[in-house]
Amino acid sequence: MTQQLSEMPATPAVTEFQRQWRRLNPWMIIVRPIHEIAGLVPVLVIFLVLGKGDQQHLLWSSIAIGLVLIRGLAHWARGKYRITGDRIELHSGLIVQQRISTRLDRIRTVETTAKFGHRMFGLVELRIGTGEHAPKRANRLTLDAIKAAEAQRLRAVLLHRAQPVQSTVDASVSGSIDPAQGTELARIQRSWLRYAPLSLSGVAAVGAFVLASSRFIGDFDNSMNGFGPARMIAGFLERASIVEIIALVAILAVIVLGVISFLGYLIQFWNYRLTRETNGTLLIRRGLFTTRSVSLEEAKLRGVIVREQLFLRLGHGARLSAIATGLDHKTGSGLLMPPAPKSTAQRVAAEVLHTDHAPTAAPLTAHPHRARWRRLSRAVLPTGLLTATLALGAVFLGWPDWPWQVALILLALARLVAVDRYRALGHAFVGGYLVTRSGSLRRKTVALQAEGIIGWRIKQSVFQRKVGLATLTATTAAGHGAY
Numbered sequence: 001m002t003q004q005l006s007e008m009p010a011t012p013a014v015t016e017f018q019r020q021w022r023r024l025n026p027w028m029i030i031v032r033p034i035h036e037i038a039g040l041v042p043v044l045v046i047f048l049v050l051g052k053g054d055q056q057h058l059l060w061s062s063i064a065i066g067l068v069l070i071r072g073l074a075h076w077a078r079g080k081y082r083i084t085g086d087r088i089e090l091h092s093g094l095i096v097q098q099r100i101s102t103r104l105d106r107i108r109t110v111e112t113t114a115k116f117g118h119r120m121f122g123l124v125e126l127r128i129g130t131g132e133h134a135p136k137r138a139n140r141l142t143l144d145a146i147k148a149a150e151a152q153r154l155r156a157v158l159l160h161r162a163q164p165v166q167s168t169v170d171a172s173v174s175g176s177i178d179p180a181q182g183t184e185l186a187r188i189q190r191s192w193l194r195y196a197p198l199s200l201s202g203v204a205a206v207g208a209f210v211l212a213s214s215r216f217i218g219d220f221d222n223s224m225n226g227f228g229p230a231r232m233i234a235g236f237l238e239r240a241s242i243v244e245i246i247a248l249v250a251i252l253a254v255i256v257l258g259v260i261s262f263l264g265y266l267i268q269f270w271n272y273r274l275t276r277e278t279n280g281t282l283l284i285r286r287g288l289f290t291t292r293s294v295s296l297e298e299a300k301l302r303g304v305i306v307r308e309q310l311f312l313r314l315g316h317g318a319r320l321s322a323i324a325t326g327l328d329h330k331t332g333s334g335l336l337m338p339p340a341p342k343s344t345a346q347r348v349a350a351e352v353l354h355t356d357h358a359p360t361a362a363p364l365t366a367h368p369h370r371a372r373w374r375r376l377s378r379a380v381l382p383t384g385l386l387t388a389t390l391a392l393g394a395v396f397l398g399w400p401d402w403p404w405q406v407a408l409i410l411l412a413l414a415r416l417v418a419v420d421r422y423r424a425l426g427h428a429f430v431g432g433y434l435v436t437r438s439g440s441l442r443r444k445t446v447a448l449q450a451e452g453i454i455g456w457r458i459k460q461s462v463f464q465r466k467v468g469l470a471t472l473t474a475t476t477a478a479g480h481g482a483y
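If you're matching positions, the sequence shown starts at 1 in our numbering and goes up one per residue.
Shown next, in the form of structure tokens:
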């Protein structure tokens, strides 16, 4: 596995590369446990600071670390791969053994990820996307991990399969293939950082921290009783009115979420670059502590999505994603651009799709007014019934007044969101692309290549039939499968 192809003669290297089983890098015996233990660091910190840390807990923690080390050893011992002719094969697993074999012409994307442990030893994790709509574990082909140079050669073989494997490997050995060459479509700018707080990416991090630390609240309260600043805060909360407390919490939340979102933006999108390589492949690179590189064949690209969350939209920003087979959207593999100026996202969309103007920026046909009524009825009626119920309970049953007052505010907000959702609705057919737009809090504009549409689905609810409306969905083999 660790032997370099450049050290071999050209013809024998091809034969061995095709036929010989190759193991993962032995440093993974150490690197994999480091990554798994690092994922538990926040919980361990909370446990050590707020927990009691008795010997029983320490014993179980030691056993868990030992099992992680054994798992890392088994992962290396049982993992091996090879390329034979027109297929790539992977064997892995100790208790549950997996044998995956995939045709090279089914490969759609190649993604490399290098976490901090990988980078210590010059390794990367290679993920191969086939575009098959199967359970994640059924068709996942991941090499965790191999040398960065080896991953680069594999990437060349897998994404240049239209050529014979012989010529592809020879080119990678001789060094004529340089993936860094190509046309740069976009790179991160300092001015984009202003969109970091608007993306609200820190909400998930704060929520996870609160959830993880919730079981230690009691210990935290007891341990902080003698802490001076804690006593001052407790005294202020006892004297302050509910309005002052809400205002303070809101200000602190804005500051904390803004800082965390800013840091998260830097960590995720540091050194972001989008490049079109000479072989017709889009290469997306990003990441500070964990560097990611996604290679996407333009021939397999079926469209783009411009996403605008509410605050990001108010700041005239957007993010750009790809519609293609073989992408794992849950891990962000389909991201073409981070939160950035919307005009820049539209420009990049046009360049990626090889069009003069971005289809996602085209004027759209508005939906009928009956759709507006449907949006309003779905949003206002349930909230209105809740408000009326709470108000009647306050009048006749002595319920407190604040619940119906809060519900009344929610009723007004629901109406505003419903109207905005209707205004967002639109569709068009522009330059061979079906363009649709929907959403308010999370608005998205989809440009789907007409040639990539494989079917249509018409859906009518009982209420839609009464007013002569229907929901039309285009199905495709790419992306989420339906738009």
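Backbone N, C-alpha and C fix where the C-beta goes; we use that ideal spot for every residue, glycine too.
Taking the CB atoms as reference points, tell me whether Q111 and V68 lie closer together than 7 Å. Per the sequence shown, the amino acid found at residue 111 is Glu instead of Gln. The answer is no: Cβ separation not under 7 Å.
Buried or exposed by the 16-neighbour rule on C-beta atoms within 10 Å, applied to E184: exposed
Of the choices V352, D420 and W399, whose alpha-carbon is the least far from that of A371? D420
Run through DSSP, which three-state label would S191 get? helix
Three CB pairs or more closer than 8 Å across the region 183–197 and the region 145–161: no
Bounding residues of the beta strand (DSSP E) (the contiguous stretch that carries R437): Y433 to S438
To the nearest angstrom, how far is it from the Cα of D178 to the Cα of R32? Only weak support is given to the placement of D178: the predicted model assigns it a pLDDT of 45, under 50, and the value that follows is read from those uncertain coordinates. Each residue's alpha carbon lies about 29 Å from the other.
For the beta strand (DSSP E) containing T475, list its first residue and its last residue. T471 to T476
Look at the Cβ atom of M337, then the Cβ atom of L314, and state whether they are nearer than 7 Å. no
If you run the structure through DSSP and keep just helix, strand and coil, what is Q98? strand
Give, in chain order, every unbroken run of the alpha helix (DSSP H) that is at least 4 residues long and sits entirely within the region 236–306. 242–269
How would you call T475, buried or exposed, if buried means at least 16 neighbouring beta carbons within 10 angstroms? exposed
Identify whether H354 lies in helix, strand or coil by the three-state DSSP scheme. coil
Could you tell me which of E150, A151 and I128 sits nearest to G141, measuring between CA atoms? A quick correction: the sequence has Leu, not Gly, at residue 141. Taking only the C-alpha atoms, the option nearest L141 is I128.
Put Q449 into one of helix, strand or coil per three-state DSSP. strand
Residue environment, S461, which counts as buried when at least 16 other CB atoms sit within 10 Å: exposed
Could you check the C-alpha separation between T113 and L288 for me, to the nearest Å? 11 Å
Beta-bridge pairing of A427 - partner residues as DSSP gives them: Before going further, note that residue 427 is His rather than Ala in the sequence given. Its beta-bridge partners are T365 and T436.
What residue range does the beta strand (DSSP E) around G79 cover? It is not in any beta strand (DSSP E) - G79 carries neither H nor E in the DSSP assignment.
Burial state of T365 (16 or more Cβ within 10 Å): exposed
Please classify H91: does DSSP put it in a helix, a strand, or coil? strand
Does the distance from the CB of L312 to the CB of E298 come in under 7 Å? no
Might you give, ordered along the chain, the residues of its own chain that have their beta carbon closer than 7 Å to the beta carbon of G431, omitting 5 neighbours on each side? T355 and P359
Terminal residues of the continuous beta strand (DSSP E) containing R153? Run containing R153: none in the beta strand (DSSP E); it sits in the alpha helix (DSSP H), A148 to L159.
According to DSSP, what are the bridge partners of M337? L320
Three-state secondary structure (DSSP) at G182? coil
Considering Cα atoms alone, identify which of Q152, G326 and R307 is closest to T344. R307
Please name the residue or residues paired with D144 in a DSSP beta bridge. E125
From R276, L411, A407 and R302, residue whose alpha carbon lies closest to that of E351: R276
With distances taken between CB atoms, is the gap from A424 to R437 smaller than 7 Å? yes
Whole angstroms are fine: how far does the CA of V467 sit from the CA of L310? 30 Å
Could you pull out every residue in the same chain whose Cβ sits closer than 7 Å to the Cβ of L448, ignoring the five residues on either side in sequence? R302, G303, I323, Y433, L434, A474, T476 and Y483
Quick check on Q346: buried or exposed, where buried means 16 or more other Cβ atoms within 10 Å of its Cβ? buried
Which residues bound the beta strand (DSSP E) around A482? Where A482 is concerned, there is no enclosing beta strand (DSSP E), given that its DSSP letter is neither H nor E.
Would you mind sorting N25 into buried or exposed? The rule is 16 or more other CB atoms within 10 Å of its CB. buried
Under 7 Å Cβ to Cβ from G455, same chain only, skipping five residues before and after it: list those, please. T475
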